[in-house]
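J.: Below are the structure tokens for one structure; questions will follow.
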Amino acid sequence: MNRPLDPGSADGFRADRVLDVLIPTRNRPAELAVTLSGLAAQEGVPGFGVVVSDQSDDDPAFTHPAAATMVRALRHRGHPVLLTRRLPRRGLAEHRAYLLSASTARYVLCLDDDVWLEPGTLHRLVTAIGELGCGFVGNAVHGLSYLDDVRPETHRHYEEWIGPPTPERIRPGTPEWDRAQIHPAANLLHVTGKLDLPPGAWRAYKVSWIGGCVLYDRAKLIDSGGFDFWRRVQEKHQGEDVAAQLAVLARHGGAGVLPSGAYHLESPTTVTERDVEAWEVVLAETDAQPA
Numbered sequence: 100m101n102r103p104l105d106p107g108s109a110d111g112f113r114a115d116r117v118l119d120v121l122i123p124t125r126n127r128p129a130e131l132a133v134t135l136s137g138l139a140a141q142e143g144v145p146g147f148g149v150v151v152s153d154q155s156d157d158d159p160a161f162t163h164p165a166a167a168t169m170v171r172a173l174r175h176r177g178h179p180v181l182l183t184r185r186l187p188r189r190g191l192a193e194h195r196a197y198l199l200s201a202s203t204a205r206y207v208l209c210l211d212d213d214v215w216l217e218p219g220t221l222h223r224l225v226t227a228i229g230e231l232g233c234g235f236v237g238n239a240v241h242g243l244s245y246l247d248d249v250r251p252e253t254h255r256h257y258e259e260w261i262g263p264p265t266p267e268r269i270r271p272g273t274p275e276w277d278r279a280q281i282h283p284a285a286n287l288l289h290v291t292g293k294l295d296l297p298p299g300a301w302r303a304y305k306v307s308w309i310g311g312c313v314l315y316d317r318a319k320l321i322d323s324g325g326f327d328f329w330r331r332v333q334e335k336h337q338g339e340d341v342a343a344q345l346a347v348l349a350r351h352g353g354a355g356v357l358p359s360g361a362y363h364l365e366s367p368t369t370v371t372e373r374d375v376e377a378w379e380v381v382l383a384e385t386d387a388q389p390a
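Each residue of the sequence shown is one higher than the one before, starting from 100 at the first, in the numbering used here.
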């Protein structure tokens, strides 16, 4: 019998840690268990925290025995875990803002609830952002069902940073915006294979935005506005991660990190009402402001 799970306390969770992982979830107990299992196998970043915020229609996903076991495994390995519910739902951006407010760590990893991280991923990302000194680094997610679908026309969008990333103002319709074409399917795996990096090596490359697994310098994310724009977009939106990253890129720069250790579970989305792109609203407001 699976015993009741202690959710933890918000006040007790807040601490001066190197890293907290922030996971929003809804109606995905199996996927959440897989995501947490990837975190439980990470090494090289001792004591990182995990916040799970659930917006499921019925019982929270973390009460499922498989997910609950992974919560206990994380705690057993020395990782504080805070389990919360955020209802009623007020949109993706508000949920991200709520998760961000739960952390006081130096870095925060915004991790979707359908992403498995291979061992060593967190250590590589934390190492990269520490050396690069930018606002965020990320691992684009691989879709392994596309492994045999090679799309060489997308590979030209891969461009490495020479030296630390610098701030960039990126907008739709520009070559910089088209960098995102390197991320769908298994494109990044194919690019990584051609580079033939030695064990332990990594490269930083230029991005427009990254979905699913993004590590922010928390202070720089907040300095760039965080997800506070949630009040200015309607509830049924998507693209909140894009909006936040474009703001951080403009102030502090950012980069993708290769190889990526993030793998998409390729489950059906739970975001079925996508009436508005949050980044379009935010960019329109930003570009309308006097220079």
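Backbone N, C-alpha and C define an ideal beta-carbon position, used for all residues, glycine too. Owing to the predicted nature of the structure, the values given are computational and were not obtained by experimental measurement.
For the beta strand (DSSP E) containing P123, name the first residue and the last one.
T.: Locating residue 123 in the sequence shown gives position 24, counting from the first residue. Here the beta strand (DSSP E) through P123 covers 118 to 124.
J.: Please check the pair W215 and L121, which I expect to be a contact at CB under 8 Å, by giving their CB distance rounded to whole angstroms.
T.: Position 116 of the sequence shown, counted from the first residue, corresponds to residue 215. Position 22 of the sequence shown, counted from the first residue, corresponds to residue 121. Not confirmed; about 17 Å, so no contact.
J.: How big is the Cα-Cα spacing for P297 and R331?
T.: Counting from one through the sequence shown, the residue named residue 297 turns up at place 198. Counting from one through the sequence shown, the residue named residue 331 turns up at place 232. Distance between the alpha carbons of P297 and R331 is about 46 Å.
J.: Cβ of A339 within 8 Å of Cβ of F326?
T.: Taking the sequence shown and counting its residues from 1, one reaches residue 339 at position 240. Taking the sequence shown and counting its residues from 1, one reaches residue 326 at position 227. Residue identity check: residue 339 is Glu in the sequence provided, not Ala. Yes, these two residues count as a Cβ contact at 8 Å.
J.: Can you list, in chain order, the residues of its chain with a C-beta nearer than 8 Å to that of E258? Leave out the 5 residues immediately preceding and following it.
T.: Counting from one through the sequence shown, the residue named residue 258 turns up at place 159. These residues qualify, in order along the chain: R278, Y304, K305.
J.: What number of angstroms, rounded off, separates the C-alpha of R174 from the C-alpha of L138?
T.: On the sequence shown, position 75 is the one that residue 174 refers to. On the sequence shown, position 39 is the one that residue 138 refers to. Looking at the two C-alpha atoms, the distance is approximately 11 Å.
J.: Return the chain-ordered list of same chain residues with a C-beta closer than 6 Å to the C-beta of T220, the five sequence neighbours on each side being excluded.
T.: Taking the first residue of the sequence shown as position 1, residue 220 is located at position 121. Only G360 meet the Cβ criterion.
J.: I need the straight-line Cα distance from A354 to R102, nearest angstrom please.
T.: Your numbering for residue 354 matches position 255 in the sequence shown. Your numbering for residue 102 matches position 3 in the sequence shown. Going by the C-alpha atoms only, they are around 42 Å apart.
J.: Give a yes or no on contact between the segment 182 to 201 and the segment 143 to 153, applying the rule of three or more CB pairs nearer than 8 Å.
T.: Counting Cβ pairs under 8 Å, three or more are found: they touch.
J.: What separation, rounded to the nearest whole angstrom, lies between the Cα atoms of E252 and N238?
T.: Position 153 of the sequence shown, counting from 1, holds the residue named residue 252. Position 139 of the sequence shown, counting from 1, holds the residue named residue 238. About 21 Å.
J.: Assuming V356 contacts L224 under a Cβ cut-off of 8 Å, what Cβ separation, rounded to an integer in Å, is found between them?
T.: If you number the sequence shown from 1, residue 356 lands on position 257. If you number the sequence shown from 1, residue 224 lands on position 125. About 6 Å; that satisfies the 8 Å criterion.
J.: Taking only the alpha-carbon atoms, compute the straight-line gap between G292 and D110 and give it to the nearest angstrom.
T.: As a first step, residue 292 is located in the sequence shown; it is residue number 193 there, counting from the start. As a first step, residue 110 is located in the sequence shown; it is residue number 11 there, counting from the start. Approximately 45 Å, taken between the alpha carbons.
J.: I need the straight-line Cα distance from G177 to P271, nearest angstrom please.
T.: On the sequence shown, residue 177 is found 78 positions in, with the first residue counted as 1. On the sequence shown, residue 271 is found 172 positions in, with the first residue counted as 1. Looking at the two C-alpha atoms, the distance is approximately 43 Å.
J.: With distance defined between alpha-carbon atoms, name the residue in L104, Q141, P358 nearest to H163.
T.: Locating residue 163 in the sequence shown gives position 64, where the first residue counts as 1. Comparing Cα-Cα distances from H163 to each of L104, Q141, P358, the minimum goes to L104.
J.: Taking only beta-carbon atoms, is G352 less than 8 Å away from chain B?
T.: Included in the structure is just one protein chain, with no chain B present.
J.: Whole angstroms are fine: how far does the CA of L288 sit from the CA of G262?
T.: Within the sequence shown, numbered from 1, the residue matching residue 262 stands at position 163. Within the sequence shown, numbered from 1, the residue matching residue 288 stands at position 189. Between G262 and L288, the C-alpha separation is close to 23 Å.
J.: Thinking C-alpha only, which one of A160, V290, V375 is nearest P106?
T.: Along the sequence shown, read from residue 1 onward, the residue named residue 106 stands at position 7. The residue with the shortest Cα to Cα distance from P106 is A160.
J.: Report yes if the CB atom of T226 is closer than 8 Å to the CB atom of R113, and no otherwise.
T.: The residue you call residue 226 lines up with position 127 of the sequence shown. The residue you call residue 113 lines up with position 14 of the sequence shown. Their beta carbons are not under 8 Å apart, which means T226 does not touch R113 by this criterion.
J.: To the nearest angstrom, how far is the alpha carbon of P128 from that of T368?
T.: In the sequence shown, residue 128 corresponds to position 29, counting from 1. In the sequence shown, residue 368 corresponds to position 269, counting from 1. Going from the Cα of P128 to the Cα of T368 covers about 13 Å.
J.: Hey, quick one: how far does the beta strand (DSSP E) through S200 stretch, first residue to last?
T.: The residue labelled residue 200 in the question sits at position 101 within the sequence shown. S200 -> not in any beta strand (DSSP E); alpha helix (DSSP H) instead, spanning 191 to 200.
J.: Taking the alpha-carbon of E391 as reference, which of M169, A196, H222, R189 has the nearest alpha-carbon?
T.: Only positions 100 to 390 of the chain appear in the structure, and residue 391 is not among them; the question remains open.
J.: Would L135 and Y206 be called neighbours here (beta carbons separated by less than 8 Å)?
T.: Looking up residue 135 in the sequence shown gives position 36. Looking up residue 206 in the sequence shown gives position 107. Going by C-beta atoms, L135 is not nearer than 8 Å to Y206.
J.: Take R268 as the anchor and find which of A342, V170, R189 has the nearest alpha-carbon.
T.: Within the sequence shown, numbered from 1, the residue matching residue 268 stands at position 169. The residue with the shortest Cα to Cα distance from R268 is A342.
J.: Verify the contact flag: T162, CB atom, against every heavy atom of the ligand COA, threshold strictly below 7 Å.
T.: Inclusion of the ligand COA in the displayed structure is not the case, the ligand content being empty and no account of it being possible.
J.: Spell out the partners DSSP gives S152 in its beta bridges.
T.: Numbered from its first residue, the sequence shown carries residue 152 at position 53. Paired residues: P123, T183.
J.: Please classify L210: is it buried, with 16 or more other beta-carbons within 10 angstroms of its beta-carbon, or exposed?
T.: In the sequence shown, counting from the first residue as 1, residue 210 sits at position 111. Its Cβ being crowded by 16 or more others within 10 Å, L210 is buried.
J.: Give the range of the alpha helix (DSSP H) segment to which G353 is assigned.
T.: Working through the sequence shown from its first residue, we reach residue 353 at position 254. Premise fails: G353 lies in the beta strand (DSSP E), 353 to 357, not in any alpha helix (DSSP H).
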